[in-house]
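A.B. asks:
In our numbering, the protein residues as written are 1 to 283.
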């Protein structure tokens, strides 16, 4: 009703798999629950001038995400609330293949707090590692598993699409609470790049829904690195990267870098203390 500006019995029948009599009953019940919301027409109903949704909070973001998911094959088009899907196209995304079985085993390891033997492909080559996963994270570009690396004895991110083999599980001693980089939330304050013209700056503020010329984003410290790099917030304007290409800059860059370093050092300290405690317990 909200998006298509009309509703007819056949819409209810096809969407909910109900009979014509039941569709008539449902429309009658709706008119009793929301009097004045519907205006009768020759073929059905249209929203009245005082129409207010009763069972749905309309969201443009949600609808556009559904359209994207449907065109990408993630959900069937029948899940969309459209009698006829509007003309729409989505630029192809380079898919990063994630093994279903791999993800299943990682989730199992998270629940059971055990380590997994994996084969991981880094840019320097493939090697076997033992990791104890405790969380999943999406950096806006690809999925990672946040895990305790038994070999390096620290918390690291592993790209899911780079894990092509998972072997046996084994018990492991680690505490996810020691992963301060994961537990710590930091605030990034973005603003239009200072090299933009006033009109360009105004457009960027509109683009990102900025208030008073800036946008505050809270995120985990372990994800901030990826966000900063993806948004080019770590780069300075140059001949190749003009302010118009960069668009944004990190207003509180110094504070953010200090917080990231502090979280990293705190994680190392907790891990070191835990290692020493375990060593003493074993004596």
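For every residue, glycine included, the Cβ atom is placed at its ideal position computed from N, Cα and C.
Pair every Cβ in the region 167-185 with every Cβ in the region 131-144, then say whether three or more of these pairs are closer than 8 Å.
C.D. replies: A contact exists between the region 167-185 and the region 131-144.
A.B. asks: Could you tell me the distance, in whole angstroms, from the CA atom of residue 30 to the CA atom of residue 59?
C.D. replies: In a straight line, the C-alpha of residue 30 is about 21 Å away from that of residue 59.
A.B. asks: In the DSSP assignment, what are the bridge partners of residue 321?
C.D. replies: Outside the displayed span of the chain (1 to 283) sits residue 321, for which this structure offers no information.
A.B. asks: What number of angstroms, rounded off, separates the C-alpha of residue 197 from the C-alpha of residue 242?
C.D. replies: About 12 Å.
A.B. asks: Mind checking who residue 157 pairs with in its DSSP beta bridge?
C.D. replies: According to DSSP, residue 157 bridges with 146.
A.B. asks: How would you call residue 181, buried or exposed, if buried means at least 16 neighbouring beta carbons within 10 angstroms?
C.D. replies: Buried: at least 16 other Cβ atoms inside 10 Å.
A.B. asks: To the nearest angstrom, how far is it from the Cα of residue 82 to the Cα of residue 4?
C.D. replies: Residue 82 and residue 4: Cα-Cα distance of roughly 7 Å.
A.B. asks: With distance defined between alpha-carbon atoms, name the residue in 163, 23, 56 nearest to residue 2.
C.D. replies: Among 163, 23, 56, the Cα nearest to that of residue 2 is on 56.
A.B. asks: Is the number of C-beta pairs between the region 113-122 and the region 160-168 that are closer than 8 Å three or more?
C.D. replies: A contact exists between the region 113-122 and the region 160-168.
A.B. asks: Can you name the start and end residues of the alpha helix (DSSP H) that residue 70 belongs to?
C.D. replies: That run of the alpha helix (DSSP H) goes 60-71.
A.B. asks: When DSSP labels each residue in this structure, what does residue 129 get in the three-state scheme?
C.D. replies: In this structure, residue 129 counts as strand in the three-state DSSP scheme.
A.B. asks: CB residue 54 to CB residue 33, shorter than 8 Å?
C.D. replies: Cβ distance < 8 Å, so residue 54 and residue 33 count as in contact.
A.B. asks: For a test of the three-state rule: what should DSSP assign to residue 15, helix, strand or coil?
C.D. replies: Three-state DSSP puts residue 15 in a helix.
A.B. asks: Please classify residue 123 as buried or exposed, where buried requires at least 16 neighbouring CB atoms within 10 angstroms.
C.D. replies: Exposed, since its Cβ has fewer than 16 Cβ neighbours within 10 Å.
A.B. asks: Do residue 244 and residue 200 have their C-beta atoms closer together than 8 Å?
C.D. replies: For residue 244 and residue 200, yes; Cβs fall inside 8 Å.
A.B. asks: Tell me which residues share the same chain as residue 256 and place their Cβ nearer than 7 Å to its Cβ, disregarding the 5 neighbours each side in the sequence.
C.D. replies: These residues qualify, in order along the chain: 186, 188, 224, 250.
A.B. asks: Should residue 97 go down as buried or exposed, given a rule of 16 or more other Cβ atoms within 10 Å for buried?
C.D. replies: With fewer than 16 other Cβ atoms within 10 Å, it is exposed.
A.B. asks: May I have the straight-line CA-CA distance separating residue 106 from residue 209, to the nearest angstrom?
C.D. replies: Their backbone Cα atoms lie some 37 Å apart in a straight line.
A.B. asks: In angstroms, rounded to a whole number, what distance separates the CA positions of residue 211 and residue 273?
C.D. replies: Going from the Cα of residue 211 to the Cα of residue 273 covers about 43 Å.
A.B. asks: Going by the DSSP bridge assignment, what does residue 119 pair with across the sheet?
C.D. replies: Residue 119 is bridged to 128, 165.
A.B. asks: How many whole angstroms separate the CB atoms of residue 114 and residue 170, which I take to be in contact at a CB cut-off of 8 Å?
C.D. replies: Contact holds; Cβ gap of about 7 Å.
A.B. asks: How should residue 277 be labelled, buried or exposed, when 16 other C-beta atoms within 10 angstroms of its C-beta is the threshold for buried?
C.D. replies: It is exposed - the Cβ of residue 277 has fewer than 16 other Cβ atoms within 10 Å.
A.B. asks: Using DSSP with H/G/I as helix, E/B as strand and the rest coil, what is residue 196?
C.D. replies: Correct three-state label for residue 196: coil.
A.B. asks: Name the two residues that bound the continuous beta strand (DSSP E) containing residue 250.
C.D. replies: Residues 248-250.
A.B. asks: Please identify the residue among 73, 66, 110, 138 whose C-alpha is closest to the C-alpha of residue 219.
C.D. replies: Cα-wise, what sits closest to residue 219 is 138.
A.B. asks: Specify the secondary structure class of residue 227 as computed by DSSP and reduced to three states.
C.D. replies: In this structure, residue 227 counts as helix in the three-state DSSP scheme.
A.B. asks: Near residue 246, what residues of its chain come up, given a Cβ to Cβ distance below 7 Å and the 5 sequence neighbours on each side ignored?
C.D. replies: For residue 246, where only same-chain residues beyond five positions count, the Cβ hits under 7 Å are 193, 232, 235, 237.
A.B. asks: Between residue 161 and residue 142, which are expected to be in contact by the criterion C-beta below 8 Å, what is the C-beta distance as a whole number of angstroms?
C.D. replies: Their Cβ separation, rounded to whole angstroms, is 7 Å, which keeps residue 161 and residue 142 in contact under 8 Å.
A.B. asks: Mind checking residue 79: buried by the 16 CB within 10 Å criterion, or exposed?
C.D. replies: It is exposed - the Cβ of residue 79 has fewer than 16 other Cβ atoms within 10 Å.
A.B. asks: Within this structure, are the beta carbons of residue 50 and residue 36 separated by less than 8 Å?
C.D. replies: Going by C-beta atoms, residue 50 is nearer than 8 Å to residue 36.
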